[in-house]
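The block underneath contains the structure these notes are about, expressed in structure tokens.
Residue numbers (the working numbering): 13 to 382.
Dropping the structure here:
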């Protein structure tokens, strides 16, 4: 395996073009508005809107000070924003199944209805309490002015949410294309070498040949299951064992494997085919070029609610001078898949340290979002 510290390099493998019609579910752009983060953002945004309206509106004659106007505007806007967000949150499963235009129209209609109800509720409360009359002064166009402001702010917000969702889907589609390239990629010489090894074992060691065929079948099955979003830790480890068993049958004593496994959550969900490409790199770029072979060390442990996976292998000085496209492809795919699945909560470090090459994955031990 070549040396040098590993850095993600998007230029090494240009993303595949993504057409708008190829992205399913583009209309589902409404986020979860009931989450604490969304409520906080809506509250802060409503308060900023109240300040802007206060600065842009001349002080009426019946207004008892700047603070009263700001208080009224804040209450009026927060009631409108939060009640609209609550109803959109409840109707989100239905709205996100509608076409984009119809979804948008429903959002506008709901916000308009809520603003109208809050407007008349404020007028009624003002007459009952005989309090702040600036909000309900004799202006027959006041409701239409407020609806105009609501249309502008709602339109800007929906446009932002749509563009953000569109960007997210494009990033996911590009990452999925890279994942598909990795999962569909079985090295031809690995296949030929494996078949040749199996043929040589058929007569002398038929049981070993049968085991190799079974391992090869499982390895290919794991590589072509593109529709599966998640695997488990136990499945990934079993796939790695099968792969290394096949390579040991081919390389013999030149390939030695040392496992360090602690008590692990076997059902922990992981992106599929995450570890085997790293072992493949360790074999082809580390062990195979060395005349005496070497040992691959695999350590999997849990620390502070995080899963740590380490793969170490010796590296030949001549091999370490360059970097092959296959190596970059696997590393970049892992970078992308971790970023899509876990965001900044996961890390992937790889690089040469003296005569060893280390690849280390740190993954949070919670279920990744679907």
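Using N, Cα and C, we set each Cβ at its ideal position, and we do this for glycine too.
task = Check residue 115 in the structure and name its three-state DSSP category.
result = DSSP places residue 115 in helix when its eight states are reduced to three.
key: Boundaries (first-last residue) of the beta strand (DSSP E) holding residue 371   = Per DSSP, residue 371 belongs to the beta strand (DSSP E) from 368-376.
query = Do residue 257 and residue 223 have their C-beta atoms within less than 9 Å of each other?
reply = Closer than 9 Å, so yes.
inquiry  = Give the list of continuous beta strand (DSSP E) stretches no shorter than 3 residues that lie fully inside the stretch 275-341.
reply    = 306-315, 318-326
inquiry  = Going by DSSP, what residue range makes up the alpha helix (DSSP H) through residue 246?
reply    = 245-263
ask   = If residue 126 and residue 153 are in contact, beta carbons under 8 Å, what's the gap, nearest whole angstrom?
value = Their Cβ separation, rounded to whole angstroms, is 20 Å, which puts residue 126 and residue 153 out of contact at 8 Å.
ask   = At what residues does the beta strand (DSSP E) containing residue 361 begin and finish?
value = 359-365
ask   = Which residue's Cα is closest to the Cα of residue 271: 325, 225, 362, 105?
value = 325
query = Given that a residue counts as buried once 16 or more other Cβ atoms are within 10 Å of its Cβ, and exposed if not, what is residue 279?
reply = exposed
Cα-Cα separation between residue 348 and residue 284, rounded to whole angstroms = 13 Å
query = Alpha carbon to alpha carbon, what distance is there between residue 49 and residue 316?
reply = 25 Å
Three-way DSSP call (helix, strand, coil) for residue 273 in this model = strand
task = Quick one: measure Cβ to Cβ for residue 305 and residue 259, integer angstroms, because I've assumed they're closer than 8 Å.
result = Rounded to the nearest angstrom, the Cβ distance from residue 305 to residue 259 is 11 Å, too far for a contact under 8 Å.
ask   = From residue 363 to residue 309, what does the alpha carbon distance come to, in whole angstroms?
value = Rounded to whole angstroms, residue 363 to residue 309 spans 15 Å at the Cα level.
ask   = Mapping DSSP to helix, strand and coil, what is residue 267?
value = strand
ask   = Does DSSP classify residue 46 as helix, strand or coil?
value = coil
query = Considering only C-alpha positions, which residue in the set 156, 79, 369, 217 is nearest to residue 290?
reply = 369
task = On a CA-only basis, which of 352, 274, 229 is nearest residue 181? Give me that one, please.
result = Of the listed residues, the one whose Cα sits closest to residue 181 is 352.
Simplified DSSP assignment, three categories, for residue 153 = coil
query = Between the C-alpha atoms of residue 85 and residue 158, what's the straight-line distance to the nearest angstrom?
reply = 11 Å
message = When you compare the stretch 113-128 with the stretch 59-67, are there three or more beta-carbon pairs, one atom per stretch, that lie closer than 8 Å?
response = no
request  = Determine the DSSP secondary structure at residue 233, reduced to helix, strand or coil.
outcome  = In this structure, residue 233 counts as helix in the three-state DSSP scheme.
Buried or exposed (CB count within 10 angstroms, at least 16 for buried), residue 112 = exposed
ask   = Given residue 119, which residues of its chain have a CB within under 8 Å of its CB, disregarding the five upstream and five downstream residues?
value = 42, 100, 107, 166, 170
key: Own chain partners of residue 277 with C-beta closer than 6 Å, once the 5 adjacent residues on each side are dropped   = none
ask   = Cβ atoms of residue 292 and residue 254: under 9 Å apart, would you say?
value = no
request  = Give me the Cβ distance between residue 307 and residue 268, rounded to the nearest whole Å; I'm assuming they're in contact under 8 Å.
outcome  = 4 Å
message = Tell me the DSSP secondary structure of residue 217 in three-state form.
response = coil
inquiry  = Short of 6 Å in beta carbon distance, which residues of its chain neighbour residue 372, apart from the five on each side in sequence? Order them along the chain.
reply    = 322, 361
key: DSSP state of residue 177 mapped onto helix, strand, coil   = helix
ask   = Nearest-angstrom Cα distance between residue 244 and residue 168?
value = 42 Å
message = Taking the straight line between their C-alpha atoms, what separation do you get for residue 175 and residue 303?
response = 55 Å
ask   = Looking at the structure shown, is residue 90 part of a helix, part of a strand, or coil, going by DSSP?
value = Reduced to three states, the DSSP call for residue 90 is helix.
query = If you draw a straight line from the alpha carbon of residue 146 to that of residue 135, how long is it in whole angstroms?
reply = Low per-residue confidence applies at residue 146: pLDDT is 45, beneath 50, and the placement is therefore not dependable, though the value from the model is reported in the following sentence. Computed Cα separation, rounded: 10 Å.
task = Measure how close the beta-carbons of residue 90 and residue 55 come, nearest whole angstrom, since I'm counting them as under 8 Å.
result = With a Cβ gap of about 7 Å, residue 90 and residue 55 count as contacting.
Close Cβ partners of residue 346 (< 8 Å) along its chain, the five nearest in sequence each way excluded = 286, 289, 290, 360, 373
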